[in-house]
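Asks:
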Amino acid sequence: MGEVSQNILLLGASGLIGRFVTDDLRARGFRVIGVARSLSPAQKMSALDLELSILSLDAAALTRLLREHAVEMVVNCLGVLQDGPGSDTNAVHRDFVARLVQAIGDSGRAIRLVRISIPGAANDDRTAFATTKREAERLIAASGIPHAILRPGFVVAPSAYGGSAMLRALAAFPLDLPEKEMATPFQPVAVEDIAATIAWLAARDVDDASVTAVTWDLMQPQPITMAGVIKQFRFAFGTAGWPHVAMPAFLLDCGARLGDFANRLGWMPPMRSTAITELRRGVTGDPAAWVAATGITPKTLAETIGRHPATVQDKWFARLFLVKALIIASLVAFWLVSGFIALFVSYRAAAGILTAHGFPPGLVDPITIGTSLMDMSIGVLIAFRRTCAIGLVAGIVASLGYMAGAAILTPDLWIEPLGALVKTGPAIVLMLVALLMLDNR
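Quick note: the sequence shown uses numbering that gives the first Met the number 0, first residue 0, plus one each step.
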C-alpha cells in the first residue's frame with residue numbers, strides 16, 4: 000500500500016483557486032510546494048512558494064522536479080481563458096498536461112494527479128478554452144495514473160479575479176446583463192469546498208481503488224441562475240433594493256470585442272469573447288457522486304457570501320473594477336491625441352508658443368516634434384500591459400517636467416484662459432491612481 004499525500008506540488012499557486020488551496024492545505028499540515036510563473040510579494044508566504052516557468056519544462060525536467068520534492072500528489076490549477084500574448088490554451092491545457100502525465104509515469108513514484116477542469120458536456124464545447132480543457136481530461140484518463148478530475152462550478156472565494164470580479168462589479172452598480180444571459184444556469188461552489196475536496200483526496204491512500212480514477216462536478220445542487228448569483232452579491236453590497244437597467248445584447252458583444260482587442264495588448268479583461276460564450280453556455284453539473292464519495296455538504300451561495308458581508312475594501316474594489324479599464328483607456332487617448340494634435344493638427348500654434356517666448360529658432364521645431372513624439376510614445380507604453388507601469392511613470396515625470404518648465408520659461412501659460420497647465424495636476428493624480436491599481440492579484 001502507498002502513503003497518503005503529504006508532499007503536494009500545486010501548479011498555479013498565484014490564481015484564485017490555487018492560492019486559496021495552497022494556504023488551506025498548509026494549514027491542514029500538508030507540505031505544499033506552490034509553483035507559479037510569477038508571485039506577488041504578498042503571495043510569497045513560504046520558502047516553498049516558487050517562481051518557476053513551469054510551462055517551459057520538458058518531461059525530463061518535470062520528472063526531476065517531482066523526485067527532488069518527493070511529490071506524492073500534483074494539483075494542476077493552471078489555466079488560461081483565451082489565446083493572446085503569453086497565453087496559449089493548447090500549450091497550457093493540453094501540451095503541458097501531456098508532458099506532466101509522462102513525467103509522473105517516468106518518476107517511478109506513486110503520484111495522484113488532481114486536475115481542475117470545467118463542468119459541462121463535451122458536445123457543448125465551443126471555445127478553445129473548453130476543447131483544450133476536455134482534451135486534457137482525455138489524456139489524463141487514458142494515462143492510467145491515479146487521478147481526480149474536478150469540475151468546479153462558478154467559484155466564490157474571499158478574493159476576486161476575472162469573472163468573479165466582474166460579477167461583484169455588476170452587483171455594485173445598477174446594471175444587469177441582458178435578460179437572456181441573466182437567465183442562464185450558474186451553479187456556484189465555495190472555494191473552501193474545493194480545498195476540502197483536495198485535502199480529502201490527499202488523505203486517501205494513492206492505491207485506494209475507490210478514488211483511483213474519478214471525475215466529479217463540484218457545485219451546490221440547488222439550481223440557480225446568474226441573476227440569482229448577482230442578487231446574492233447585491234444583498235452583501237447593500238444594493239439589492241436599487242432599480243436596475245439591463246444592458247442591450249449588442250453592448251455586451253461590443254464589450255467582448257473591445258476585450259479581445261485589449262487581450263492582444265497583453266491585458267486580461269474578464270469581458271472577452273470566450274468569457275461571453277462560456278457565460279451563455281451556463282454552469283451546470285451533478286454533484287451527487289462527489290457528495291456521496293467525500294461526505295462533503297456543499298455550501299449554498301447564501302451561506303458562502305453571507306459569511307463574508309461586503310467590507311469597505313470589497314465595495315471600493317467592486318466599484319473601481321470596471322472603472323479601471325476606463326481610466327487606462329482615457330490616459331492612452333489623452334497622450335496619443337495630445338501628441339497627435341500638436342504634431343499634425345496644430346503644429347504651427349504649438350511651435351508658435353515657443354517662438355513667442357524667445358526660444359532660438361533652431362530649437363523650436365526639434366522641441367515641438369520631440370515633445371509630441373514623446374507624448375504619443377507614452378500613450379503607446381500605457382496601452383500595453385507589459386509596459387503600462389513604465390508609461391505611467393514616464394507620463395507623471397513628463398507632466399511634472401512640463402509644469403516645471405512652464406513655471407520657469409513660460410509662466411504666463413499658467414494663467415491662460417483654458418487653464419491647460421492647471422489641468423495637468425489632475426492628470427498626474429489620475430496616472431498615479433492607475434499606477435496603484437495595476438495589480439490583478
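All C-beta atoms in this analysis are idealised placements derived from N, C-alpha and C, irrespective of residue type, glycine included.
For aspartate 477, tell me which candidate among Gly294, Ala406 and Ile110 has the shortest Cα-Cα distance.
Replies: The question about residue 477 has no answer here: the residues shown for the chain are numbered 0 through 440.
Asks: Hey, could you find the ends of the beta strand (DSSP E) leucine 399 is sitting in?
Replies: Where leucine 399 is concerned, there is no enclosing beta strand (DSSP E), although the alpha helix (DSSP H) it sits in stretches over 387–408.
Asks: Between which two residues does the beta strand (DSSP E) holding arginine 114 run?
Replies: It spans 111–115 - the beta strand (DSSP E) in which arginine 114 sits, taken as one unbroken run.
Asks: Mind listing, in chain order, the continuous alpha helix (DSSP H) runs of no fewer than 4 residues lying wholly within the segment 9–96?
Replies: Taking only runs of at least 4 residues, the alpha helix (DSSP H) segments lying wholly in the segment 9–96 are 15–26 and 58–67.
Asks: Whole angstroms is fine: what's the gap from proline 286's alpha carbon to valine 210's?
Replies: About 16 angstroms.
Asks: Name the residue from His68, Leu138, Leu217 and Ser45 whose alpha carbon lies nearest to the alpha carbon of valine 470.
Replies: Only positions 0 to 440 of the chain appear in this structure, which leaves residue 470 out of reach.
Asks: Using only CA atoms, which one of Val379, Ser142, Leu399 and Val188 lies nearest to leucine 264?
Replies: The shortest C-alpha separation from leucine 264 is found at Val379.
Asks: Do you know whose CA, among Ala159, His243 and Gln221, lies nearest lysine 230's CA?
Replies: Comparing Cα-Cα distances from lysine 230 to each of Ala159, His243 and Gln221, the minimum goes to His243.
Asks: How is threonine 310 classed by DSSP in three states: helix, strand or coil?
Replies: Coil, per DSSP.
Asks: Leaving out the 5 sequence neighbours to the left and right, which residues in its chain are closer than 8 angstroms to methionine 0 when beta-carbon positions are compared?
Replies: Confidence is the limiting factor: at methionine 0 the pLDDT is only 40, short of 50, which leaves the residue's position unreliable, though a coordinate-based value still follows. Cβ within range, chain order: Asp204 and Asp206.
Asks: From which residue to which residue does the alpha helix (DSSP H) around threonine 214 run?
Replies: Note, threonine 214: premise wrong, no alpha helix (DSSP H); beta strand (DSSP E) at 212–217.
Asks: What are the start and end residues of the beta strand (DSSP E) that includes alanine 147?
Replies: Element bounds for alanine 147: 146–151.
Asks: Starting from alanine 349, trace the beta strand (DSSP E) both ways and give me its first and last residue.
Replies: Looking at the DSSP string, alanine 349 is not in any beta strand (DSSP E); the run it does join, the alpha helix (DSSP H), is 346–355.
Asks: Sort Ile327, Leu8, Arg279 and Leu353 by Cα distance to leucine 408 and report the nearest one.
Replies: For the residues Ile327, Leu8, Arg279 and Leu353, the minimum Cα distance to leucine 408 belongs to Leu353.
Asks: Where leucine 335 and alanine 255 are concerned, what is the direct C-alpha to C-alpha distance, given to the nearest angstrom?
Replies: Cα to Cα, the separation comes out at about 24 angstroms.
Asks: DSSP on alanine 446, reduced to helix/strand/coil?
Replies: Residue numbering for the chain in the displayed model covers 0 to 440; residue 446 lies beyond these limits and cannot be assessed.
Asks: Tell me the rounded alpha-carbon separation between leucine 15 and valine 73.
Replies: For leucine 15 and valine 73, the distance between alpha carbons rounds to 17 angstroms.
Asks: Return no unless some Cβ of chain C is closer than 9 angstroms to the Cβ of leucine 399.
Replies: Included in the structure is just one protein chain, with no chain C present.
Asks: For the candidate residues Ala382, Arg279, Trp199 and Leu176, whose alpha-carbon lies nearest to that of threonine 126?
Replies: Out of Ala382, Arg279, Trp199 and Leu176, Arg279 has the C-alpha closest to the C-alpha of threonine 126.
Asks: Report all residues from its chain with a CB closer than 6 angstroms to the CB of valine 363; omit the five preceding and five following residues, and keep chain order.
Replies: Here the set comprises Ala350, Leu353 and Thr354.
Asks: Which of the three DSSP states, helix, strand or coil, is assigned to asparagine 6?
Replies: Residue state, collapsed to three classes: strand.
Asks: Output needed for glutamate 2: all residues of its chain with C-beta closer than 7 angstroms, excluding positions within five of it in sequence on either side, in chain order.
Replies: Residue placement at glutamate 2 is flagged as unreliable, the pLDDT there being 49, under the threshold of 50; the coordinate-derived value follows with that caveat. If we look at glutamate 2 and ignore the five residues flanking it on each side, its Cβ neighbours are Glu71.
Asks: Look up proline 360 in the DSSP assignment and say whether it is helix, strand or coil.
Replies: Of the three classes helix, strand and coil, the one that applies to proline 360 here is helix, per DSSP.
Asks: If proline 308 sits next to alanine 235, beta carbons under 8 angstroms apart, how far is it from one beta carbon to the other, in whole angstroms?
Replies: Confirmed, Cβ separation roughly 5 angstroms.
Asks: Which whole runs of the alpha helix (DSSP H) in the segment 244–291 are 4 residues long or more, in chain order?
Replies: 248–263 and 272–280, all fully within the segment 244–291.
Asks: Among Ile32, Cys253, Ser13 and Thr310, which residue has its Cα nearest to the Cα of asparagine 6?
Replies: Taking only the C-alpha atoms, the option nearest asparagine 6 is Ile32.
Asks: Flag this pair as touching only if the segment 215–232 and the segment 162–177 have three or more C-beta atom pairs under 8 angstroms; answer yes or no.
Replies: The answer is yes - the segment 162–177 touches the segment 215–232, with three or more Cβ pairs under 8 angstroms.
Asks: Three or more C-beta pairs closer than 8 angstroms, one from the segment 325–341 and one from the segment 176–189: is that the case here?
Replies: They do not touch, by the three-pair rule.
Asks: Distance, Cα to Cα, methionine 165 vs threonine 276?
Replies: Approximately 15 angstroms, taken between the alpha carbons.
Asks: Can the beta-carbon of isoleucine 53 be found closer than 9 angstroms to that of arginine 25?
Replies: Result no, Cβ atoms of isoleucine 53 and arginine 25 do not sit closer than 9 angstroms.
Asks: For a test of the three-state rule: what should DSSP assign to alanine 226, helix, strand or coil?
Replies: Three-state DSSP puts alanine 226 in a helix.
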